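Note that the sequence shown ends on residue 421 in my numbering; no numbers are left out.
See structure below.
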Amino acid sequence: MSLINKMLQDLDARGSGAAASQGGSSAVRPVTAAVRPMPRTLLILAAVAGVVIFVVAAIFAWRALTRPSPSSLSASAKAAASASAATPAASIAPMPAAEPAPVAAAMLAPAAAASAPASVTPPSAPIGAQVQATEPAPKQVAAAPSQDAKPASVSATPAEPPVKARSAEKRRTEPALRTSPAPARSPIAEKEEARLRGDAGLNKAQQAENEYRRGLSAMQEGRVHDAIARFEQTLANNPRHEAARQTLVGLLIENQRGDEAMQHMQQALALDPGQAQMAMLLARLQMERNGPAIDTLQRTLPHAAANADFRAFLAGALQREQRHAEAAEHYQAALRLQAGNSVWWMGLGISLQALKRNAEARAAFNEAKASGRLSPELQTFVERKLQQLPN
């Protein structure tokens, strides 16, 4: 208001000076006073109005410059809320559900889930989850300026600190995620691993024996695939572990994996061709597949010449291939070792009859019939063969 008063005083002084300088008579002065008041009043009012408008405009301009825009405040608030909401979303990871594991792991899964502490962050929620949880915040900050037509420079400037804070938060949490410990293993798994680690100080034969026992336990519990793996590991440590190989072959055959069983038997016979039982089993599978069964048996024959069962089995394989002379020779060798087998007498009679050695064939059939150990079907077959032979 002092400014307005000063302007009024200046105007009054100008008016008094102008009137005195005119030097007119007293008669003329009233006329001048009556004519002048009107312009002077208008000038005063215009000056006052200009000053008021200037002051009001200055006040509004000062407030506008010092007060932050609503768009920048809303962008900052949204960015801060997004950053604060993203941090707990990434740090609080769900506990891993017990995944259904195949047989062997089914018993461990509940124990592993129960023993894992709730405070441990599972490795299944890695840094990718942190990045995904914090990604939407920049999108909200960038979208804020489009809602307001105000200058983009004002709204973009406060948007930077939340992004930097979010990046710093990510850098702090990433090492924690990378170094978070794995979920605690169940006592059963730890015990099994301890036993496996204990094998490190043992020799190959001892390790093979331990694996063989574990394979037997798995087989008794019905965990066939685990048992097969254990037996294979046993043979890897000790290829001459016959019990493990025989059990493994039996499991493979029972589970319709005959080709794998044959491979294991061939490996066994390559190490020790004198395994007569293994050779006969391999030959039987080879005969079913029209394989080289006779070659397999003949490689083992030098080691099983005194084995009556082996000689009779080889005789039957030769007879199946219509090699009756060799079959009759091996039947006779088997009967010399074990004379009371009626089936072998019948087999000898069949080969002798095919060789037209009828008298010897009749004698062999009579021996088979007289033993009384044939099944009714075979008994009928032998009687029919006797009737076919000429007297």
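Ideal Cβ positions, reconstructed from N, Cα and C, are used throughout, including at glycine.
Predicted model only: the values in this text are computed from it and were never measured.
In the three-state scheme derived from DSSP, where H, G and I count as helix and E and B as strand, GLU397 is classed as helix. The C-beta distance from ALA323 to MET317 rounds to 4 Å, short enough to fall under 8 Å. Each residue's CA atom was taken as its position, placing LEU72 and VAL78 some 10 Å apart. Rounded to whole angstroms, the separation of the alpha carbons of ILE283 and GLY377 is 28 Å. VAL412 sits buried, since 16 or more C-beta atoms from the chains shown fall within 10 Å of its C-beta. Scanning ALA363, GLY379, GLY245 for the CA closest to the CA of ALA398 turns up GLY379. Taking 8 Å as the cut-off, the beta carbon of ALA358 is found closer than this to the beta carbon of SER381. For GLU272, the closest of ASN233, LEU299, ALA94, ASN285 by C-alpha to C-alpha distance is LEU299. Note on geometry: alpha-carbon atoms of ALA266 and ALA259 lie some 10 Å from one another. As the crow flies, the alpha-carbon of ARG329 is around 12 Å from that of GLN296. Cβ neighbours of HIS354 within its own chain (closer than 7 Å, five residues either side excluded): SER381, ALA384, LEU385. Spanning the alpha carbons of LYS415 and VAL279 requires a straight line of approximately 39 Å. Between PRO269 and LEU301 a beta carbon distance of about 6 Å is seen, short of the 8 Å cut, so the two are scored as contacting. Within the same chain, ALA238, GLU241, TYR242, GLY245, HIS271, ALA274 come within 7 Å of THR264 by CB-CB distance, once the 5 residues on both sides are set aside. LEU232 counts as exposed, since fewer than 16 other beta carbons sit within 10 angstroms of its beta carbon. Counting the other CB atoms within 10 Å of its CB gives SER405 a total below 16, which places it among the exposed residues. Taking a 10 Å sphere around the C-beta of ARG366, we find fewer than 16 other C-beta atoms and assign the residue as exposed. Nearest to ASN371 by C-alpha distance, out of ARG319, PHE343, THR326, is PHE343. GLN418: member of the alpha helix (DSSP H) spanning 406 to 418, first to last residue. Between ALA306 and ALA334, the gap from beta carbon to beta carbon is short of 8 Å.
PRO332 carries a helical assignment under DSSP once its states are collapsed to helix, strand and coil. Here LEU75 is exposed. Its C-beta has fewer than 16 other C-beta atoms within 10 Å. Contact annotation, ALA345 with ALA364: C-beta distance approximately 7 Å; criterion of less than 8 Å satisfied. Comparing alpha carbon positions, the residue from LEU315, LYS234, ARG403, TRP375 closest to ASP289 is LEU315. Under a 10 Å Cβ-count criterion, LEU281 is classified as buried, with 16 or more other Cβ atoms of the shown protein chains found around its own Cβ.
Note that the C-beta distance between ALA248 and ALA257 is below 8 Å. Taking 8 Å as the cut-off, the Cβ atoms of ALA389 and TRP375 do not count as close. In terms of Cβ geometry, ARG387 and HIS360 do not form a close pair [threshold 8 Å]. When secondary structure is reduced to three states using DSSP, ASN267 falls in the helix class.
Counting of Cβ neighbours within 10 angstroms places ASN337 among the buried residues, the total reaching 16 or more. For ALA291, the enclosing alpha helix (DSSP H) begins and ends at 288 to 301. Distance from the CA of GLU356 to the CA of VAL254, rounded to the nearest whole angstrom, comes to 42 Å. C-alpha of ALA94 to C-alpha of ALA87: approximately 10 Å in a straight line. Assigned with DSSP and collapsed to three states, LEU312 falls in helix.
In the structure shown, LEU232 adopts coil according to DSSP, grouped into three states.
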